[in-house]
Structure formats: C-alpha cells, structure tokens
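Sequential numbering of the sequence shown, starting at 90, is according to this note's numbering. Yeah, the Cβ is synthetic: ideal placement off N, Cα and C, and Gly gets one too. Below is one structure, written out as structure tokens; comments come after it.
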Amino acid sequence: MDIVILAVVIAVVVFGVLGGLIVGSRRKKQPSPPPPTAPDITAPPAEPHVGDEAETPREEPRRTIEEVDLPDGSAPVVVEEPPAEVPAIEIPEPTAGRLVRLRTRLSRSQNALGKGLLILLSREHLDEDTWEEVEDTLLTADVGVQPTQELVERLRERVKVLGTRTPAELRGLLREELITLVDPTMDRTVRTETGTGGPGVVMVVGVNGTGKTTTTGKLARVLVADGNTVVLGAADTFRAAAADQLQTWGERVGAHTVRGPEGGDPASVAFDAVKEGKEMSAGVVLIDTAGRLHTKTGLMDELGKVKRVVEKQAPLDEVLLVLDATTGQNGLVQARVFAEVVDITGIVLTKLDGTAKGGIVIAVQRELGVPVKLIGLGEGADDLAPFEPDAFVDALIGE
C-alpha cells in the first residue's frame, strides 16, 4: 500500500516537472516586446518666403507650358507682356492768330492802361493837369520816358486839330498812336531759314527765373506747329533738372534733345546739338543756355564762348532774350548787359498776363532797337504767341 502511494506521488511530481518544462519552452519561443521609443515628431514645413516658388509633391518632373497638352488638344496659350507705353506725340495748336485767341487773357490785366487814357482824354477840358495825368498813366505802365513824351505830344496836337472828341474818335486816335509806338514795321519773324540747307540755329538766353527753359520748350511747340523738325540743346548744365525739363518738353512734340552731364561744359553741349541737327537734317536747333553759373567764369563770358563754339558748326541765325515782363524797368538793365555780349536779335516777354505793364513792350524795343517777337500769356503749353502789334494794342484799349 505504501508502495502504491509512493508511486502515485512520484508520478505526480514527474508530471508537474514535465508540464513546467513545456510551458517554459513556449514562453522562450515568443519574442519579447521592443522597448518604448520616443515619438517621431516631424517639424511643420517652413513657410515660403516672398519670391520663393512653392514646392508641390509630384511624381514627374516639371514641364514647360509648351510641353503640356491641353485637354482640348488646342495650342498652349502664351500670355505676352504688354509693350511699354510710349507717350503720344502731341499736335500743338497752330500759331496763326494765336494772340487773337489769347487776347481776352491779355486784356484781363492790361486794358486798365487803355481805359485810364480814354477816361482822361474824354474830359471836357484837357488842361495841363490832365495831360500830366496822361503822362503819369503811361509811365506807370512802363512805357518809358521818351516814348511817353512822344505819345503825349502827338495826342495833344491831334486832339487840338480834330476839335471833337467822341468816344469812338478818341479810341481810334489812341489806337493809331499806340500802334505807331509799338512799330508794326519791325520784322518779328523768328529766323529759322538759313538758305544753306542746314538747320536754323536759335540760342535762347536770359537770367534764371524768367521762364527761359520753359519758353524754349514752348518755342519748340511753336516751331513744330509751323511744320519744322526740331532738335533741342540742353546747354543749361548748371541748373539741376534743367535738361530733364527740356527733354520732357521735347518728347511731347517729338523733338530730339541733346544733353550732357550735369555741371558739364555748356559750349560742348551746344556744339553737339548743332552737329546732330545737321546729321539728322533737322529744320531748327534750339539751344537753351544757363542763366547763372556755379564757377568762377562770368555768365557773359560763358555765353560768349557758347556763341563762338556754335558758330564753328553753323551760323547763329537768332538770339532770343527772354525777359520777365513783371520786372518792368529792371528787365531793361538785364537786356542791356546781354545785348553787349551776344547780339540780341529778338525779345520774348513772359508773364505778360499777370501784373506786368503792357508798356514794357514799347520800352524794351526802344532800349535795344530789336523787336518783341513772342509773348507768354500763361502757364499752358500753347500760351506762347507770336507778337502781333494790332492785336496787342486792341487788348490794351479793350476793343
């Protein structure tokens, strides 16, 4: 019995050992789980900078627009860049009769002279005091001493002879005498015809502040309106932006501008302008000169040099002096100085529509013995008009 129990116990022990071995063997065959790792955190893509091309995931290389087949089989659409805008060439207003069209603007500030004279001459008794008032009115209008004395003397004689002084008669009388003073016999043509086949050469002079460069640009419009081709010489190299200003005026009417470096030699620019004008078969070369210099060389000496250098290329046909009409008698001082150096052939009076006195036309012609050829009557591009004595006097007396 004991033997049976012992055998049973041994069998149980052996069976338990064998079961443990089998279980252990199975556990060894299963792989152990991998150790935990840190999570893989991917940084968000950086935002593209301005100008960078955005990357787009694709499985094929990029193709140009020419290589892409459009869905409908049509040719690729190529978007062309618009051409650079070219400023349109302006057609200036015809110069014929321009002063007549601008007469209202002129008379707006000028006919006080004519009205004042007519009121005085209409008095019942024209005594010495009245004639002195007539003289004062003329002098205040910048007519000048000598022309004033001549006008008053002729008026006194003619009024005495006529005997009657109706408003219409007085207006006609005053008109005739003023036209005589303005002198309609003077040749007021801007000379641009050389007769040699080359371009006419015109030099524009005057102190800064008179509107010289602007006047040169407006004169280019006058010449283009009369059928000329124009080359502009920007010889005012000492004033900032003068060349830019002149070139802008030229571009508006299709005129070519010759310029040099800022502060460069004005005579060299003038020489090149005439040379290019000849090569281009231009009709007229307009040369804008300096009104002041930032060197030790005197202004008048420099202008004389420009004149001499230009004349090595071609004869100088016209020298126009630009005067600010509002300066009155002070402008006559400038005129005298310029005339001594460059032989002024014509006068351009600017700002005649403002506070200027119309008598300056008479005074400056008497001073220099040369005609007023052009007058400026405003800020508009076509407000430079050829001077016409009849139209001018009519504006003065308010007809």
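- About 6 Å separates the beta carbons of Ile451 and Val271, which is inside the 8 Å limit, making them a contact pair.
- Non-local C-beta neighbours of Pro236 in its own chain, meaning closer than 7 Å and more than five positions away in sequence, comprise Leu270, Ile451, Ala452 and Arg455, ordered along the chain.
- The C-beta of Met369 has fewer than 16 other C-beta atoms within 10 Å across all chains shown, which makes the residue exposed.
- Cβ neighbours of Gln423 within its own chain (closer than 7 Å, five residues either side excluded): Val296 and Leu412.
- By the CB criterion at 8 Å, Leu210 and Val294 fall outside the cutoff.
- A residue is called buried when at least 16 other Cβ atoms come within 10 angstroms of its Cβ; Lys401 does not meet this threshold and is exposed.
- Rounded to whole angstroms, Val311 and Thr219 show a C-alpha spacing of 43 Å.
- Taken atom to atom, the span from the alpha-carbon of Glu407 to that of Leu375 is near 10 Å.
- Assigned with DSSP and collapsed to three states, Ile449 falls in helix.
- In the structure shown, the three-state DSSP call for Thr285 is coil.
- The region 460-469 makes no contact with the region 318-326; the number of CB pairs closer than 8 Å stays below 3.
- Contact annotation: Leu405 and Asp377 have beta-carbon atoms that are not nearer than 8 Å.
- Closest in C-alpha terms to Asp432, from the list Ala230, Ala371 and Gly458, comes Gly458.
- Annotation: Thr303 to Asp472 spans about 11 Å, alpha carbon to alpha carbon.
- When only Cα atoms are considered, Thr337 and Thr274 end up about 36 Å apart.
- Bounds of the beta strand (DSSP E) holding Gly435 are Gly435 to Thr439.
- DSSP places Glu407 in the uninterrupted beta strand (DSSP E) bounded by Glu407 to Asp413.
- About 5 Å separates the Cβ atoms of Asp442 and Arg194, confirming a contact at the 8 Å cut-off.
- Of the candidates Asp483, Val482, Phe476 and Pro256, the residue whose Cα lies closest to the Cα of Ala185 is Phe476.
- The C-beta separation of Asn317 from Val373 comes to about 5 Å, placing the pair in contact by the 8 Å criterion.
- Counting of Cβ neighbours within 10 angstroms places Thr278 among the exposed residues, the total staying below 16.
- Looking from the CA of Gly298, the closest CA among Ile436, Thr415 and Ile449 belongs to Thr415.
- For the pair Arg243 and Asp483, the CB atoms are not nearer than the 8 Å cut-off.
- About 15 Å separates the beta carbons of Gly339 and Pro288, which is beyond the 8 Å limit, so they are not a contact pair.
- Closest in alpha carbon position to Arg397, among Arg425, Ala371 and Ala359, is Ala359.
- Counted as a single uninterrupted DSSP element, the alpha helix (DSSP H) harbouring Leu335 occupies residues Ala331 to Val342.
- Met292 sits in a strand when the DSSP states are folded into three classes.
- Asp276 sits exposed, since fewer than 16 C-beta atoms from the chains shown fall within 10 Å of its C-beta.
- In this chain, the beta strand (DSSP E) harbouring Thr346 covers His345 to Val347.
- Taking all protein chains shown into account, Pro181 has 16 or more neighbouring C-beta atoms within 10 Å of its C-beta and is therefore buried.
- Residue pairing for Ala474: DSSP places it in a beta bridge opposite Ile464.
- In the structure shown, the three-state DSSP call for Gly322 is strand.
- In the three-state reduction of the DSSP assignment, Asp390 falls in the helix class.
- Relative to Ala177, the option among Asn419, Glu265 and Gly343 whose CA is nearest is Gly343.
- For Asp377, DSSP records a beta bridge to Val293 and Ala323.
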